[in-house]
Amino acid sequence: MSKVVLDTDVLIDLLRGHEQTRGFLRDLSGHSVPCCSVISVAEIYAGMRQEETASTADLLDGLVIVPVTREIAEAAGHFKRRSKSRRLELADCLIAATAFVEGASMATDNTKDYPMTEITVLRARK
């Protein structure tokens, strides 16, 4: 079964009940495993409101959370170094590297943050 790494913006949309994004996730079931980087977990918790604790835990419990390994860190460093003119954030490079190393597609609506040709980027909202 294929994997899809959900970017932080997709996770936020799911937490806020965005119907198109929920439909995207439903469409994945049965043929793709939804994953996220541990970096996205940190980003979600950094911006989370207290009343969102339970719904955030429920969402994350349904995903495969991928830790940052040395291989992911090295790939992220390569993406960052290669993109000096684009000023990509290291966190985005780590999330992209997670998809790359896991052989996964990446779901995001911030496509400008992921110009890497090594990964397939899917839009969660059409």
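The working numbering applies: residue -12 is where the sequence shown begins, and numbers increase by one. Here a beta-carbon is modelled for each residue, glycine too, at the ideal position from N, C-alpha and C.
Can you tell me whether DSSP reads Lys(-10) as helix, strand or coil?
Your numbering for residue -10 matches position 3 in the sequence shown. DSSP places Lys(-10) in strand when its eight states are reduced to three.
Just to confirm, is the Cβ distance from Leu109 to Val(-9) under 9 Å?
Translated into positions along the sequence shown, residue 109 becomes position 122. Translated into positions along the sequence shown, residue -9 becomes position 4. With contacts defined by Cβ atoms closer than 9 Å, Leu109 and Val(-9) form a contacting pair.
What's the gap between the Cα of Ala91 and the Cα of Val25?
Translated into the one-based positions of the sequence shown, residue 91 becomes position 104. Translated into the one-based positions of the sequence shown, residue 25 becomes position 38. Computed Cα separation, rounded: 15 Å.
Mind checking who Pro21 pairs with in its DSSP beta bridge?
Residue mapping note: residue 21 aligns to position 34 of the sequence shown, counting from 1. Bridge partners of Pro21: Val(-9).
When the distance is taken between beta carbons, is Tyr101 closer than 9 Å to Ala83?
Within the sequence shown, residue 83 is the residue found at index 96, counting from 1. Within the sequence shown, residue 101 is the residue found at index 114, counting from 1. With a cutoff of 9 Å on beta-carbon distance, Ala83 and Tyr101 are scored as near each other.
Quick check on this structure: which residue in Ala29, Leu75, Val88 and Arg9 has the alpha carbon closest to the alpha carbon of Thr56?
Numbered from 1 along the sequence shown, position 69 holds the residue referred to as residue 56. Of the candidates Ala29, Leu75, Val88 and Arg9, the one whose C-alpha sits nearest the C-alpha of Thr56 is Val88.
What does the alpha-carbon distance come out to for the pair Ser16 and Gly64?
Here residue 16 corresponds to residue number 29 of the sequence shown, with the count starting at 1. Here residue 64 corresponds to residue number 77 of the sequence shown, with the count starting at 1. Ser16 and Gly64: Cα-Cα distance of roughly 32 Å.
Distance, Cα to Cα, Ala94 vs Glu38?
Translated into positions along the sequence shown, residue 94 becomes position 107. Translated into positions along the sequence shown, residue 38 becomes position 51. Cα-Cα distance, rounded: 26 Å.
Using DSSP's beta-bridge definition, name the partner residues of Val109.
Residue numbering aside, residue 109 sits at position 122 when the sequence shown is read from its first letter. First, the residue type needs correcting, since residue 109 is Leu and not Val in the sequence shown. According to DSSP, which records beta bridges pairwise, Leu109 is partnered with Ala94.
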